[in-house]
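See structure below.
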Amino acid sequence: MSNGITQLRRSFRELGINIRKESQRGWYAFSCLGLHYRLYLRPSETFLSLSLSWLRDIPEGRKAEALDALNAVNGDLRFAKVVMVPERSAFWALWERSTADGLPEAKELQRMILSLHSCHALSEKLLAPLEEPVQEERP
2 MSNGITQLRR
12 SFRELGINIR
22 KESQRGWYAF
32 SCLGLHYRLY
42 LRPSETFLSL
52 SLSWLRDIPE
62 GRKAEALDAL
72 NAVNGDLRFA
82 KVVMVPERSA
92 FWALWERSTA
102 DGLPEAKELQ
112 RMILSLHSCH
122 ALSEKLLAPL
132 EEPVQEERP
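Counted from 1, the sequence shown has number 48 at position 47 by my numbering; the numbering is strictly sequential.
Structure representation (structure tokens):
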């Protein structure tokens, strides 16, 4: 596991990003372009999961739309799936990918982060409250 996280930290450093170990076992965190991300490495190194905490702020009625948007770029990122999971009464998206072929290199991480930021820009539209239908006033 330490070799995996060392490789991951090296790739992040190449992008100028410092990855921090959190107190919770297996969790690491980093910030990029004003957004905060958390990584979880399972002991088996089977999956690398990326939680997108900003998704928890999307109104309930728009979560499905957000997932559709994230899955639209998912093919390019080659992650297994994007799912919403409850955690401490909030919602997080986990991007899981197989690490059987090793953890992502700097160029792949850069593409992933840029894609996630384009998702975030799209999510800002989704953060707006659902508009109520305009009621016509009757005299």
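Here a beta-carbon is modelled for each residue, glycine too, at the ideal position from N, C-alpha and C.
How would you label residue i, buried or exposed, when you count the other beta carbons within 10 angstroms and need 16 or more for buried?
| i | result |
| --- | --- |
| residue 16 | exposed |
| residue 67 | buried |
| residue 12 | buried |
Just reading off the beta strand (DSSP E) that residue i is part of, what are its end residues?
| i | result |
| --- | --- |
| residue 148 | In this structure the chain extends from 2 to 140, so residue 148 is not present and cannot be described. |
Is there a C-beta anywhere in chain B that falls below 8 angstroms from the one on residue i?
| i | result |
| --- | --- |
| residue 13 | Here there is only one protein chain, and chain B is not present. |
DSSP state of residue i, grouped into three classes?
| i | result |
| --- | --- |
| residue 68 | helix |
| residue 40 | strand |
| residue 134 | Interpretation of residue 134 is limited by its pLDDT of 49, a score under 50 that renders its predicted location unreliable; no figure is taken from the coordinates. |
If you check the beta carbons only, do residue i and residue j fall under 8 angstroms apart?
| i | j | result |
| --- | --- | --- |
| residue 10 | residue 28 | no |
| residue 33 | residue 20 | no |
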